[in-house]
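2 protein chains.
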Amino acid sequence: MKVLIVDDEDMIRNVLKEYVEFEGNEAFEAADGMQAVKMCKSDDYDVILMDVMMPRLDGFSAVKEIKKFKDVPVIMLSARGEEYDKLFGFEIGVDDYVTKPFSPKEVMARINVVAKRRNQRDEVGDVVTFEGLTVDFAGRNVYVDGDKVDLTPKEYEILFYFIKNKGIALTREKLLYDVWGFDFYGDDRTVDTHIKMLRANLKQYRKFIVTLRGVGYKFEV
Amino acid sequence: MKVLIVDDEDMIRNVLKEYVEFEGNEAFEAADGMQAVKMCKSDDYDVILMDVMMPRLDGFSAVKEIKKFKDVPVIMLSARGEEYDKLFGFEIGVDDYVTKPFSPKEVMARINVVAKRRNQRDEVGDVVTFEGLTVDFAGRNVYVDGDKVDLTPKEYEILFYFIKNKGIALTREKLLYDVWGFDFYGDDRTVDTHIKMLRANLKQYRKFIVTLRGVGYKFEV
DNA sequence: CTGGACTATGAAAAATCAGTGAAAATTTTT
DNA sequence: AAAAATTTTCACTGATTTTTCATAGTCCAG
């Protein structure tokens, strides 16, 4: 897990970094809000530990900025224990608070809670990419070299099923049973026709759909 | 200020009511979550004090229900002080927590903090704009190229839900469950009709509402 | 290198689904 | 209590999608 530590005091950064790395996570550092925003633009982090009081750009403003373009969990490090700060924090999307002085153990516990929560939220994993083929499961979008392609429901379902079972040989019977449903009593060749259309839509990435003669198909990168 | 007190214990309700009224606010009572949801549907409150453990519909579920159609500050009255509950609470939009046993004075202090914050927020008003479509969540106003359009409550709720979940494929079932409520047992096609009317009202920006054949709809910019 | 088995493809028929309008039911306002 | 507004149901239609099927093409064992 990649953790971004944002604090202007070197000592605090070092202590946190040590603990973060001790638990087997990667630690990255920023000395102020401005730097943190910049780093978030170019890289993805799993959690941000953000101090409130910092020169140049304070923690609250930095979080506000970052949340504009990225949905990343934030734990605030606050010197003040005031109710107002807390409320304002939650409003702008802060996930948790730790009040200074804090025990590093406490901070780590919260990181883990936030991380676990995060994992629950994006169950499936929202976007997958194979070379120039991108599938956004949440939005049901498919892109070929960045261009959106329109798939019919069945085509999308087959692609979805293929990706879920990538690298696995799938018989026509299995495809019909799992994608069409147990109550489909039609022709086997129906699969072929849909594969044909899916391949046409995937353009050059049709190569991922491999024909297994005498068996069926498989999706392989 | 109108305060809704939700607790199944008469004694607790009475104590809280006394304090709320002593400070010059109006107090309203509900004995369980179900009743609270109902009351929120017909009336507006400035703050809700909500117990977690209640018969029929618990506090968390009630808050979830209420937040679907109204953005009202909620303070939870919790017997347990567990971290997990707290995190879950903040996730569904709880503003603050008071752990039992509480001093009424403490509760009143928090009501005032939450209320103050509310007033500040109203000034700003969160507004989102997609090209010429502007939605002012605080004021529940929608503008198309600057002209205000009158949406019916359902239309507004659907738009609100769409924007909260923009880019995400939403099935008719999910829409019915989340916008209409868990207790709606009507026809799927009802969604279509409301989408039709919402689209008509959004004029050219109907394009943001994308039909996903065989699935449902999604809001996409 | 050839025949049979299997797959790819195109076209047409069948089935499905969303958009729509109108009317009924319900809720809210007057 | 009546009127107005909103919500819901529902049937119909046109468009899209799915399925079938015939033909063409491909692969591989013998």
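These protein sequences, in sequence, are chains A and B.
All you need for the numbering used here is the position in the first sequence, starting with 1, plus 20.
All you need for the numbering used here is the position in the second sequence, starting with 1, plus 20.
C-beta atoms are modelled at their ideal positions from N, C-alpha and C, and glycine is treated no differently.
Classify residue i as buried or exposed, calling it buried when 16 or more other Cβ atoms lie within 10 Å of its own Cβ.
{"i": "V144(A)", "result": "Legend: pLDDT at V144(A) = 41, less than 50; position of this residue unreliable, value from coordinates given subsequently. Exposed, since its Cβ has fewer than 16 Cβ neighbours within 10 Å."}
{"i": "L232(A)", "result": "exposed"}
{"i": "F182(A)", "result": "buried"}
{"i": "D167(A)", "result": "exposed"}
{"i": "D142(A)", "result": "Note that D142(A) has pLDDT 42, beneath the 50 cutoff, so the model's placement of it is unreliable and the number below is only indicative. So D142(A) ends up on the exposed side."}
{"i": "E85(A)", "result": "buried"}
{"i": "D71(B)", "result": "buried"}
{"i": "A158(B)", "result": "exposed"}
{"i": "D27(B)", "result": "buried"}
{"i": "Q140(A)", "result": "Its pLDDT being 46, under 50, Q140(A) is placed unreliably in this model, and the coordinates cannot settle the point."}
{"i": "M96(A)", "result": "buried"}
{"i": "D208(A)", "result": "exposed"}
{"i": "E177(B)", "result": "buried"}
{"i": "Y39(A)", "result": "buried"}
{"i": "P93(B)", "result": "buried"}
{"i": "A220(A)", "result": "exposed"}
{"i": "I131(B)", "result": "buried"}
{"i": "F202(B)", "result": "exposed"}
{"i": "Y205(A)", "result": "exposed"}
{"i": "F239(B)", "result": "buried"}
{"i": "F42(A)", "result": "exposed"}
{"i": "M74(B)", "result": "buried"}
{"i": "V155(B)", "result": "buried"}
{"i": "V114(A)", "result": "buried"}
{"i": "E29(B)", "result": "exposed"}
{"i": "V147(B)", "result": "exposed"}
{"i": "G236(A)", "result": "buried"}
{"i": "K227(A)", "result": "exposed"}
{"i": "E175(A)", "result": "buried"}
{"i": "F89(A)", "result": "exposed"}
{"i": "Y225(B)", "result": "buried"}
{"i": "A189(A)", "result": "exposed"}
{"i": "A129(B)", "result": "exposed"}
{"i": "G53(A)", "result": "buried"}
{"i": "Y197(A)", "result": "exposed"}
{"i": "D63(A)", "result": "exposed"}
Whose Cβ in chain B lies nearer than 7 Å to the Cβ of residue i?
{"i": "G206(A)", "result": "Residues of chain B passing the Cβ test: none, with the nearest at roughly 17 Å."}
Since residue i is in the alpha helix (DSSP H), which residue starts that stretch and which ends it?
{"i": "F182(A)", "result": "173 to 184"}
{"i": "K58(B)", "result": "53 to 62"}
{"i": "I86(B)", "result": "79 to 89"}
{"i": "K216(A)", "result": "209 to 222"}
{"i": "K194(B)", "result": "192 to 195"}
Just the chain A side, please: which residues come within less than 7 Å of residue i by C-beta, in chain order?
{"i": "E85(B)", "result": "Simply none; closest approach about 20 Å."}
{"i": "L97(B)", "result": "The contacting residues do not exist; L97(B) stays about 17 Å from chain A at best."}
{"i": "I188(B)", "result": "A158, G159"}
Quick one: what's residue i bridged to in DSSP?
{"i": "N161(B)", "result": "D156(B)"}
{"i": "T149(B)", "result": "T154(B)"}
{"i": "E46(A)", "result": "K22(A)"}
{"i": "D116(B)", "result": "I95(B)"}
{"i": "M70(A)", "result": "V26(A), M96(A)"}
The ligand GDP and residue i: does any heavy atom of the ligand fall closer than 7 Å to the residue's C-beta?
{"i": "A50(B)", "result": "Of ligands this structure carries none, so the ligand GDP is not represented either."}
Starting from residue i, find everything on chain A with Cβ-Cβ shorter than 8 Å and list it in chain order.
{"i": "R233(B)", "result": "T172, P173"}
{"i": "V238(B)", "result": "Contrary to the premise, residue 238(B) reads as Lys rather than Val in this sequence. G159, R160, listed in chain order."}
Grab the span of the beta strand (DSSP E) containing residue i for me, first residue to last.
{"i": "G236(B)", "result": "236 to 239"}
{"i": "D170(A)", "result": "Taken as a continuous stretch (DSSP letters only), D170(A) belongs to no beta strand (DSSP E), as it is neither H nor E."}
{"i": "I229(B)", "result": "229 to 232"}
Taking any Cβ of chain B, which residues in the region 148 to 176 of chain A have a Cβ under 9 Å from it, in chain order?
Residues D156, F157, A158, G159, R160, N161, T172, P173, K174, Y176.
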